[in-house]
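In our numbering, the protein residues as written are 922 to 1387.
Think of the CB as a built atom: it goes at the ideal place given N, C-alpha and C, for glycine as much as any other residue.
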């Protein structure tokens, strides 16, 4: 009999050590997905250059650099994504605490008394108590480890989603900046056309005064100039709205983040970076987030599958009791307990089976979302590649059209001044040249936007946190 306490304590110490190997939190690999060896619309001339985290630096635009850095620092949507990531990190700490022992302390003071059977009053009794309680539930079946794995995977997914949000917001700001600069260029073009149209009106008036042309030519020249001048308000309104949108992306008001007009040419389109579809899986933060969400769903499924297994709780308590507070601090009576408890639910009406089915369906949902995200990433890259390829050729053709329209405008102007043609041909030539120049600016802006979209589709130089 004297050996029983020793054996009892030895068994309590040996049980968690013997069963610790059962705990596991394996991280699954995502489903296999076959991808082609190259993009359909990729060119052999694409440059095999690495994309840097400050991917916009290749456009050599100081205003663009200032804007995108401000977006990364002050955007409110990005601040929300950062807060969600911090919440997920807190859940990792909470999940880690599940496997640790729990220590509690308590104190109480009670006063009791009653009537004796004879009806006389019995004396009251006071009791002071203080104690410590220690309990630990060993992770016999790996539930706590899987909970930690799920929380960590969810935190990693939130971190990747934060980075994906940052890339998307900076892409939106960069493309908005291109539209803004294209509107600035359109306003410069509008001012040049205003000067040319005003000169044509002056020539027409002189010829009318000399009796060389009819009054109708003067009216037509005036109408053309007035029509041009009314269009400038549309461009100014569009620019103001674009600037307001960029200020919002920068986390500021338009008054706090003004963007001055600039009449310089749009930046050149950089070389197209080369890539293969398989690299998207490690380059894009949104795909990394989908993969981590899949791992979290797998871990939650494992927790649900282990819900059928019993829990073992080891507990110990030590309580000091005395009839007065002074005696509690001096020489109290001590009561202690030590022992294991094994608990399992034998019947729950199918609740655990329903939970397992729920988490299995959630895992299948995340797996489908991951596959869909990969396909969407390939499609976005292909879209950007085909836009860049066709827009580059369209830009060349448009520049030829601008050159021809400008030459036609010059020749027609000479002929009109010589009295060989009516002003209608002059107006037609001028409008055609202006339309060609406007279209050329639009094509250049589209090329820049497509170039930026390709960089974002390839991950924007994102690197996972090691």
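Note that the region 1004-1020 does not touch the region 1229-1245; fewer than 3 beta-carbon pairs, one per stretch, sit closer than 8 Å.
Residue 973 carries a coil assignment under DSSP once its states are collapsed to helix, strand and coil. A contact is defined here as three or more CB-CB pairs under 8 Å, and the region 1371-1380 fails this definition with respect to the region 1354-1361. Secondary structure note for residue 1083: its alpha helix (DSSP H) is the uninterrupted segment 1064-1130.
The C-beta of residue 1069 has 16 or more other C-beta atoms within 10 Å across all chains shown, which makes the residue buried. With contact defined as three or more Cβ pairs closer than 8 Å, the region 1341-1349 and the region 1154-1167 are not in contact. Rounded to whole angstroms, the gap between the alpha carbons of residue 1074 and residue 1220 is 9 Å.
Each of 1225, 1021 and 1367 was checked against the Cα of residue 1190, and the nearest Cα belongs to 1367. Per the C-alpha coordinates, the member of 1312, 1358, 1303 and 1261 positioned closest to residue 1059 is 1261. DSSP places residue 1242 inside the beta strand (DSSP E), whose first and last residues are 1232-1243. Closest in alpha carbon position to residue 1097, among 1121, 1117, 1083 and 1169, is 1169. Considering only 1328, 1364 and 1029, the residue with the shortest C-alpha distance to residue 1311 is 1364. For the pair of segments examined, the region 1210-1217 was found to touch the region 1286-1298: the number of CB pairs separated by less than 8 Å reaches three. In the DSSP annotation of this structure, the continuous segment of the beta strand (DSSP E) that includes residue 1057 starts and ends at 1046-1057. Of the residues 978, 1193 and 1140, the one whose Cα lies closest to the Cα of residue 970 is 1193. Per DSSP, residue 1023 is one residue of the beta strand (DSSP E) stretching across 1023-1033.
Here the C-alpha atom of residue 1090 lies approximately 7 Å from the C-alpha atom of residue 992. Beta-bridge pairing by DSSP links residue 1384 to no other residue. Counting C-beta atoms within 10 angstroms of its own C-beta, residue 1180 has 16 or more neighbours from the protein chains shown and is therefore classed as buried. For residue 986, the enclosing alpha helix (DSSP H) stretches over residues 983-995.
Ranked by how close their Cα comes to the Cα of residue 1095, the residues 1137, 1187, 1300 and 1175 have 1187 in first place. Residue 990 and residue 956 have their C-alpha atoms roughly 34 Å apart. The beta carbon of residue 1019 sits closer than 7 Å to those of 1065 and 1068, all from its chain and outside the five residues before and after it, given in chain order. Contact check for residue 1382 and residue 1238: beta-carbon distance about 57 Å, past the 8 Å limit, so the pair fails to qualify. The beta carbon of residue 1360 lies closer than 7 Å to those of 1319 in the same chain, with the five residues before and after it left out.
Residue range 1272-1338 is occupied by the alpha helix (DSSP H) that includes residue 1335.
Here residue 1194 carries a strand assignment [DSSP, helix/strand/coil]. C-alpha of residue 1341 to C-alpha of residue 1105: approximately 37 Å in a straight line. Excluding the 5 residues flanking it on each side, residue 1204 has same chain C-beta neighbours closer than 7 Å at 1379, 1380 and 1383, in chain order. Beyond the five residues adjoining it in sequence on each side, residue 1283 comes within less than 8 Å, by CB distance, of 1218, 1221 and 1222 in the same chain, given in chain order. DSSP places residue 1156 within a helical segment (H, G or I) once states are collapsed to three. When rounded, the separation of the alpha-carbon atoms in residue 1054 and residue 1376 is 58 Å. Annotation: the continuous alpha helix (DSSP H) that includes residue 1373 extends over 1344-1378. Per DSSP, the beta bridge partners of residue 1261 are 1235. Between residue 1227 and the set 1273, 981 and 1201, the nearest pair of CA atoms involves 1273. In terms of Cα proximity to residue 1002, the closest of 1029, 979, 1078 and 952 is 1078.
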